[in-house]
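**Student:**
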Amino acid sequence: MKNKILKQLWEHPHRIVSGVELSRILGISRVGVWKHLQQLKDAGYSIESTPKGYRLADPENLLNPFCFPGREDHIHFYSQVTSTMDEARELARSGAPHLSVVVADNQTRGRGRLNRNWFSSPGGLWMSLILRPDLPPPLAFKVNFAASFSMATTLNGLYGTDIRVKWPNDLLAGEKKVAGLLSEMETQGDMISFVNIGMGLNVNNDPPPQEKKAVSIKMLLGKTVSRRDILMAFLDKFEMQMQDIATKDVIGPWKTITATIGKTVTIETRGETGHGVALDVDDTGALILGQGDGTEKKVIYGDCFHQAQL
344 MKNKILKQLW EHPHRIVSGV ELSRILGISR VGVWKHLQQL KDAGYSIEST
394 PKGYRLADPE NLLNPFCFPG REDHIHFYSQ VTSTMDEARE LARSGAPHLS
444 VVVADNQTRG RGRLNRNWFS SPGGLWMSLI LRPDLPPPLA FKVNFAASFS
494 MATTLNGLYG TDIRVKWPND LLAGEKKVAG LLSEMETQGD MISFVNIGMG
544 LNVNNDPPPQ EKKAVSIKML LGKTVSRRDI LMAFLDKFEM QMQDIATKDV
594 IGPWKTITAT IGKTVTIETR GETGHGVALD VDDTGALILG QGDGTEKKVI
644 YGDCFHQAQL
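Residue numbers (this note's numbering): 344 to 653.
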């Protein structure tokens, strides 16, 4: 019933919807309408009450399935979850279709790469994509690069920003982090069963003080923006990128907006730390690191830190 009330308010963003109208449409008493609206307010929804009725104060930041016409059956929205990746894993194992999305207003145990904590403050876009590409596991890297490229170009197209991709899985504005990605994969035989891409994007939230190198879209633009518009545009662009991905060049386009190639970097893996210049990213998604002794090293995975340029 709460979802039905939200849908009615969302479908009429520019006018007050009376309690009498909601009662008639939904077949419940006005008292019932009022109780559900109070519970929605308590849950954090911005609903304005007036003597004439009710109105959503911020309809563009609603992420419920009905906000995505044509994709309703693929959107799984939660007010709060432990982690969208945990939910996505269970849905994928239960047969959720390609390009399903788990999105949440809040994560209590969001995580980044290497199981680091990911701070999921209100106003961000916290989501996981369930993907079933027709790919063998060695080509799974293409999905990660396609996702980061799609989100960066989506933001740049919507807002005129200069968001760039950092190897292997971050989005940067200057040298400040706007988004991070991680992936999980399960295989069946010699093909991918599913690959899930988790993405945390700072949109209208204020990153915590301890995240000094993080920035949100709101901070970049000096105004709030529509999380719904971002997700809609991203899904459209990413769906196109996923078409024929087995034969598509995803690394070439990704390199046109990279912030990493040409930078002096430090690479940390579980076993060692390397330093050098990021010379290139090859066709397998590996970073080619130019070392101080003149040799080159192929880095398949690791955390990459850009060094300050003199």
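Beta carbons: idealized from backbone N, C-alpha and C, even for Gly.
If you check the beta carbons only, do Arg452 and Ser471 fall under 7 Å apart?
**Tutor:** In this structure, Ser471 does not lie closer than 7 Å to Arg452 by Cβ.
**Student:** I'd like the list of long-range same chain contacts for Val424, defined as Cβ closer than 7 Å, with 5 residues on each side in sequence excluded.
**Tutor:** Same-chain partners within the cutoff: Glu430, Ala447, Gln450.
**Student:** On a Cα-Cα basis, can you pick out the residue from Asn539, Thr496, Leu468, Gln531 that is closest to Asn487?
**Tutor:** Considering only alpha carbons, the answer is Asn539.
**Student:** Measure the alpha-carbon distance for Ile594 versus Lys561 and round it to whole angstroms.
**Tutor:** Their Cα atoms are separated by approximately 29 Å.
**Student:** Comparing C-alpha positions only, which one of Ala621, Gly637, Ala522, Tyr421 sits nearest to Val445?
**Tutor:** Among Ala621, Gly637, Ala522, Tyr421, the Cα nearest to that of Val445 belongs to Tyr421.
**Student:** From which residue to which residue does the alpha helix (DSSP H) around Leu364 run?
**Tutor:** Per the sequence shown, the amino acid found at residue 364 is Glu instead of Leu. First-last of the alpha helix (DSSP H) with Glu364: 362-369.
**Student:** With H, G and I counted as helix, E and B as strand and the rest as coil, what does DSSP make of Ala491?
**Tutor:** For the sequence presented, residue 491 should be read as Ser rather than Ala. DSSP places Ser491 in helix when its eight states are reduced to three.
**Student:** Roughly how many angstroms lie between the CA atoms of Thr590 and Val521, to the nearest whole one?
**Tutor:** The alpha-carbon atoms of Thr590 and Val521 are separated by roughly 30 Å.
**Student:** I'd like the span of the alpha helix (DSSP H) that includes Met428, first residue to last.
**Tutor:** Counting along the chain, the alpha helix (DSSP H) containing Met428 begins and ends at 427-436.
**Student:** Checking 7 Å against the spacing of the C-beta atoms, do Val620 and Gly628 come in under that value?
**Tutor:** Not a contact, by the Cβ cut-off of 7 Å.
**Student:** Based on the DSSP secondary-structure assignment, which residues constitute the bridge partners of Glu415?
**Tutor:** Answer is none; Glu415 lacks a bridge partner.
**Student:** In whole angstroms, give me the CA-to-CA distance for Asp646 and Ser526.
**Tutor:** Approximately 14 Å, taken between the alpha carbons.
**Student:** Kindly give me the distance between the Cβ atoms of Pro394 and Trp353, rounded to whole angstroms, as I take these residues to be in contact under 8 Å.
**Tutor:** Not quite, the Cβ-Cβ distance comes to about 22 Å (not below 8 Å), so this is no contact.
**Student:** What residue range is occupied by the uninterrupted alpha helix (DSSP H) comprising Ala576?
**Tutor:** Element bounds for Ala576: 570-585.
**Student:** Give me the residue from Ala483, Pro412, Lys556 with the minimum Cα distance to Leu578.
**Tutor:** Of Ala483, Pro412, Lys556, the residue nearest in Cα terms is Pro412.
**Student:** Does the distance from the CB of Gly466 to the CB of Asn548 come in under 7 Å?
**Tutor:** In contact: Gly466 and Asn548 (Cβ atoms closer than 7 Å).
**Student:** Taking 7 Å as the threshold (C-beta atoms), are Arg414 and Ile359 in contact?
**Tutor:** Contact flag unset, no.
**Student:** Quick check: the stretch 607-620 against the stretch 476-493, are at least 3 beta-carbon pairs closer than 8 Å?
**Tutor:** In short, these stretches do not touch, since the Cβ pair count stays below three.
**Student:** State the Cα-Cα distance for the pair Ile600 and Thr609, rounded to the nearest angstrom.
**Tutor:** So the alpha carbons of these two residues sit roughly 20 Å apart.
**Student:** DSSP three-state call for Tyr397: helix, strand or coil?
**Tutor:** Correct three-state label for Tyr397: strand.
**Student:** Whose C-beta lies closer than 6 Å to the C-beta of Ser443 among residues of the same chain, with five residues either side of it excluded?
**Tutor:** Cβ neighbours of Ser443 beyond the five flanking positions: His417, Ile473.
**Student:** Start and end of the beta strand (DSSP E) containing Leu515?
**Tutor:** Note, Leu515: beta strand (DSSP E), 513-516.
**Student:** Taking just the CA atoms, how far does Gln531 sit from Val624?
**Tutor:** For Val624 and Gln531, the distance between alpha carbons rounds to 29 Å.
**Student:** Taking Cβ to Cβ, would you say Ser559 is nearer than 7 Å to Asn545?
**Tutor:** Contact: yes.
**Student:** From Glu582 to Ser366, what does the alpha carbon distance come to, in whole angstroms?
**Tutor:** Straight-line Cα distance between these residues: approximately 39 Å.
**Student:** Does the beta-carbon distance from Lys519 to Ala602 come in below 7 Å?
**Tutor:** No, these two residues do not count as a Cβ contact at 7 Å.
**Student:** Measure how close the beta-carbons of Gly396 and Gly362 come, nearest whole angstrom, since I'm counting them as under 8 Å.
**Tutor:** Confirmed, about 6 Å.
**Student:** Give me the DSSP bridge partner(s) of Gln450.
**Tutor:** Answer by DSSP bridge pairing, in chain order: Val424.
**Student:** Can you give the Cα-Cα distance for Lys350 and Ala435, rounded to whole angstroms?
**Tutor:** Approximately 27 Å, taken between the alpha carbons.
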